[in-house]
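Protein chains in written order, with the working numbering: chain P, 1 to 545; chain X, 546 to 854.
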Amino acid sequence: MFTIYEARKILTMNPARPLASHVAVRDGRILGTGSVEELAGWGAHRLDRRFADKVLMPGLVEGHCHVSEGVFWRSVYCGYFDRMDPDGRIWPGLKSIEAVLARLGEAETALDHRDLPLSGWALDPIYFGSRRVDRHDLDRISVTRPIGVMHASGHILNVNSRALDLAGLLRPGISHPGIPLGEDGLPSGELKGPDAMMAVGRHAGFDREAQASDEPGLRQFARLCVRKGVTTATDLANLLPDEAVDMMLRVTGEDGFPVRIVPFRRFHGLGVGDLIKRAGELKARSSDRLRLGGIKLFADGSIQGFSARLRWPGYYGGQPNGLWYIAPEQLAEALELALAGGIMVHIHTNGDEATELVLDTMEKVLRRRQGPDHRFTLQHCQLADAAQFRRIRALGFCVNLFPNHHYYWGEQHYAMTLGPERATRMNACASALASGVPLAIHSDAPVTPLAPLFTAWCAVNRLSAAGRVMGGAERIGIAEALRAITLGAAYTLKLDGEIGSIECGKRADFAVLEDDPDEMPPERLKDIRVWGTIQGGRVFDAAAI
Amino acid sequence: MDANDPIPASVIGGYLGAGKTTLVNHLLRHAGGRRLAVLVNEFGDLPIDADLIVGAGERLIAIAGGCVCCAYGSDLIAGLEDLAGLPDRPDHVLIEASGVALPGSIGAALSLVPFFRLDAILVLADAGAIAAQLADRFMGDTLHRQIASADLVLLNKADLVSARELAATGSRLASLAPAARIVPAHRASVPVEIALGLHAGRAWRDAAGAGPTHVTAAFETLSCVLDGAFDVAPLAAALARPELGVLRAKGLLQDRAGRLMVLQLAGGRHETEVVAAKGARAGRLVLIGQAGCLARNAIGAAIEAARCR
Ligand SMILES: [Zn+2]
């Protein structure tokens with residue numbers, strides 16, 4: 001006995017039969033698409049008509065996000081833009097510092113013990129003009145409990161006096177580039193960069209390493225995936241200690257767990273040889289819903305944090321070039337050993353000089369060693385130009401670009417970090433496709449919201465939040481964008497033989513939509529309503545998750 | 546040392562292959578009774594020579610002589626806090642930076658953790674490779690920033706280049722780091738006192754003796770007994786002038802207000818601090834420099850200029 005689902009329309013992404021009315025599913029996999037008559041040939045079946053007025057497309061694949069999105073929702077959402085939480089509640093964006101403080105104040109009254117920390121996230125004060133949040137603002141909410149509010153970029157943390165005091169930093173004489181001082185000579189409460197943030201963050205409810213194995217966070221993350229039509233999502237990256245792997249195997253293995261998680265082991269705490277060995281061990285522990293074995297390397301930092309490595313002429317404001325997080329020798333060794341061991345490598349390169357280093361290094365490695373179908377992926381790769389995309393193609397890399405940046409920080413890149421030309425070139429999806437580079441696009445959630453259809457909208461429209469088109473020539477079509485969030489992302493994970501399209505033999509992973517992407521005007525792509533998902537043949541209704 | 550005194554911490558930086566790990570092991574072998582704690586970014590390529598290890602856990606390696614080595618992962622601040630909480634408080638902390646890290650940033654991060662005092666930033670450079678590394682199109686500016694942040698540059702593997710090349714490289718580095726002192730070395734074997742500063746106990750003992758004692762043939766110490774009161778901070782600044790040739794100094798002196806002050810100097814970095822009396826007798830100053838490079842007359846003049854009258 002198997003099930004035939006009837007739908008208003010099925011967008012299969014299979015060029016041999018791009019559209020269908022029915023899809024047959026047995027044992028969590030797809031028998032085929034077509035009419036009932038065609039599919040009935042497989043034998044006894046049950047016709048399920050509950051999606052007769054819905055549109056099915058391949059389950060969406062988020063190729064670069066972090067499960068910690070599910071953890072952040074335990075903190076107070078302080079963002080400028082409306083955002084949906086795992087319960088499906090939409091938190092209205094906050095348009096002033098007063099509004100931010102009011103929401104934090106409300107959350108504060110709900111906490112009982114007077115010393116418990118209060119944390120918020122996704123603050124983006126660049127939208128509030130020149131006024132900065134300082135510790136006195138947060139002190140109005142509480143002086144007894146530590147308060148920390150993370151910025152949307154993840155590079156700045158605002159704290160109150162109590163949090164500074166607990167960290168031993170509410171004192172004069174502090175001299176650190178990441179800690180601006182107020183007129184009284186004491187820290188203003190704004191903390192920039194990882195050292196300054198971590199020194200205080202732990203006292204205000206932020207602990208980065210603990211997020212790696214946060215079970216409630218993983219469950220919340222999965223609910224959000226259902227609401228956004230996502231059936232496979234990466235966790236890029238995680239330190240993957242054994243406890244975390246055990247927990248993830250157990251939780252993802254539960255009958256009701258709706259997503260396939262693809263965690264990558266972050267290059268940290270191990271030498272290159274041990275890292276590759278560990279990746280091999282992890283790979284052997286994979287299950288259908290937990291695909292282990294990839295590694296993630298970091299070449300540089302971020303553009304808005306001025307820590308990305310840029311080629312000439314560097315940052316628009318003349319800031320010093322960014323930071324390297326890996327030495328070329330280590331990178332070469334990692335690439336070579338990964339090729340030898342068949343380990344998948346995804347590499348964070350934000351700036352174009354970081355991309356250049358990876359390309360130069362890979363070119364040397366590939367002269368020494370074969371790398372058939374390696375599909376190593378450059379993550380973010382935001383500033384690659386046409387010549388780099390040609391090399392990326394020639395060396396067998398994929399890219400996963402970050403078009404959400406245009407919407408959230410396009411104006412800042414234009415005016416402050418990169419200047420007009422590079423701000424309008426960045427995340428050049430059309431150039432990547434023109435060079436034949438395998439393309440995925442991503443949210444980097446929680447940095448921007450998990451919502452592949454929104455990411456597709458960003459790639460298709462390239463609008464900044466202020467409404468300016470950031471490089472019209474690099475826009476891509478709807479079909480190309482939808483491919484990037486399904487088959488394109490699956491390809492970068494070497495899962496395109498299993499997922500990413502609706503065709504015989506693949507996993508029965510579908511996004512169930514209320515609206516038809518083919519009928520949506522490009523500017524409304526982000527407004528497509530998601531009913532829920534089918535993952536491995538199991539139906540998940542977002543309204544009931 | 547008082548349990549409330551900050552623990553001195555040194556940052557050891559420099560590019561891959563410059564000899565950071567060799568230096569750390571050298572210091573562990575010659576710790577001279579100091580309990581050293583080594584903080585490394587990761588245990589990846591084992592940072593400690595096997596024969597020094599007496600026990601190894603996941604994040605902490607126990608080393609002969611009461612020393613330890615810890616991996617701090619991505620969170621230096623937490624690593625430092627863990628060290629401060631160890632039952633056997635370390636006498637000195639060595640933070641081994643990764644090859645692409647900026648030692649100056651690590652030094653700045655130290656100021657965010659109570660219980661620590663930045664003692665010195667030591668940057669190693671491979672005498673035969675540093676010129677090419679400084680010119681590397683990807684890594685060159687990072688190497689420049691590393692060198693510029695140094696208090697002491699250990700120009701390592703000096704035995705593998707000609708004297709002429711060594712001199713040229715040395716003056717190149719000096720121009721990149723005007724406040725730093727350049728110290729040639731091979732196998733990173735410099736006297737512990739150069740890398741870690743003068744150990745209080747030994748320094749005061751030496752000071753009580755007469756005249757200079759040789760640390761090794763390549764270095765010399767100058768010990769002075771200085772009675773009376775001094776303007777200690779100006780004295781420290783004066784001793785840090787490059788032409789005096791002082792690599793390291795430590796002093797325990799009485800200031801104009803009659804307080805007991807400790808003076809510490811590493812290359813161009815110097816600081817003075819009031820210390821509790823605890824029966825210690827003021828009036829000692831010990832200086833180390835390369836053999837033949839301590840400008841004794843100028844040092845004497847600096848001391849006299851700082852004497853309170
Ligand atoms: Zn990310």
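Even for Gly, the Cβ is constructed at its ideal location relative to N, Cα and C.
Using beta-carbon distances, D636/X does not count as an interface residue toward chain P, since no partner is under 8 Å. Here DSSP, grouped into helix, strand and coil, assigns K9/P to strand. Per DSSP, reduced to three states, the secondary structure at A665/X is strand. Against chain X, the CB of D195/P has a partner CB under 8 Å away; the residue lies at that interface.
Residue A456/P holds the alpha-carbon nearest to the alpha-carbon of P521/P among I30/P, V251/P, A386/P and A456/P. Annotation for M57/P: no alpha helix (DSSP H) segment contains it, though the beta strand (DSSP E) segment containing it runs V55 to P58. For H405/P, the CB stays at least 7 Å from every heavy atom of ligand 1. About 11 Å separates the beta carbons of Q388/P and D360/P, which is beyond the 8 Å limit, so they are not a contact pair. For E37/P, the three-state secondary structure derived from DSSP is helix. As DSSP reads the structure, E710/X sits in no beta bridge. DSSP places N350/P in no beta strand (DSSP E); its state is neither H nor E.
In this chain, the beta strand (DSSP E) harbouring R265/P covers R260 to R266. Inter-segment contact for the segment 330 to 344 of chain P and the segment 361 to 368 of chain P is present: three or more beta-carbon pairs are separated by less than 8 Å. Unbroken alpha helix (DSSP H) stretches of 4 residues or longer found wholly inside the segment 611 to 681 of chain X: 621 to 629, 648 to 655 and 675 to 679, given in chain order. For L60/P, the shortest C-beta to heavy atom distance toward ligand 1 is 7 Å or greater.
Runs of the alpha helix (DSSP H) spanning 4 or more residues and lying entirely within the segment 755 to 799 of chain X occur at 777 to 784, in chain order.
In this structure L699/X touches L669/X by the C-beta definition: roughly 5 Å separates them, less than 8 Å. For L56/P, the shortest separation between its Cβ and any heavy atom of ligand 1 does not lie below 7 Å. Look at which beta carbons fall closer than 6 Å to any heavy atom of ligand 1; those residues are H64/P, H66/P, L236/P and D444/P. Contact of A676/X with chain P is not assigned, every C-beta pair being separated by 8 Å or more. Taking 8 Å as the threshold, the shortest C-beta distance from P117/P to chain X does not fall below it. One alpha carbon belongs to P86/P, the other to D686/X, and they sit about 45 Å apart.
Within the same chain, and ignoring the five residues on either side of A582/X in sequence, the residues whose Cβ sits closer than 6 Å to its Cβ are V613, L628, P635 and V638.
Put simply, the segment 435 to 443 of chain P touches the segment 57 to 64 of chain P. At least three CB pairs are less than 8 Å apart.
Our two residues, V530/P and G79/P, have alpha carbons roughly 23 Å apart in a direct line. Close to chain X, meaning a Cβ-Cβ distance shorter than 9 Å, are the following residues of the segment 257 to 280 of chain P: R266, H268, G269, L270, G271, V272, G273, D274 and L275. Taking the CA atoms as reference points, C504/P sits about 8 Å from R29/P.
A616, G618, S619, D620, L621, I622 and A623: these are the residues of the segment 592 to 626 of chain X whose beta carbon lies less than 8 Å from some beta carbon of chain P, given in chain order. Scanning chain P for C-beta atoms nearer than 7 Å to the C-beta of T687/X yields W324, reported in chain order. Rounded to the nearest angstrom, the gap between the Cα atoms of L111/P and I833/X is 59 Å. For D165/P, the enclosing alpha helix (DSSP H) starts and ends at S161 to L166.
Between G182/P and G410/P, the alpha-carbon positions lie close to 30 Å from each other.
Chain X has a Cβ within less than 8 Å of the Cβ of M198/P. Residues of chain X with a Cβ closer than 9 Å to the Cβ of G205/P do not exist, since the nearest Cβ in that chain sits about 15 Å away. Taking 7 Å as the cut-off between beta carbons, none of the residues of the segment 332 to 349 of chain P comes near chain X. Against chain P, the CB of P659/X has a partner CB under 8 Å away; the residue lies at that interface.
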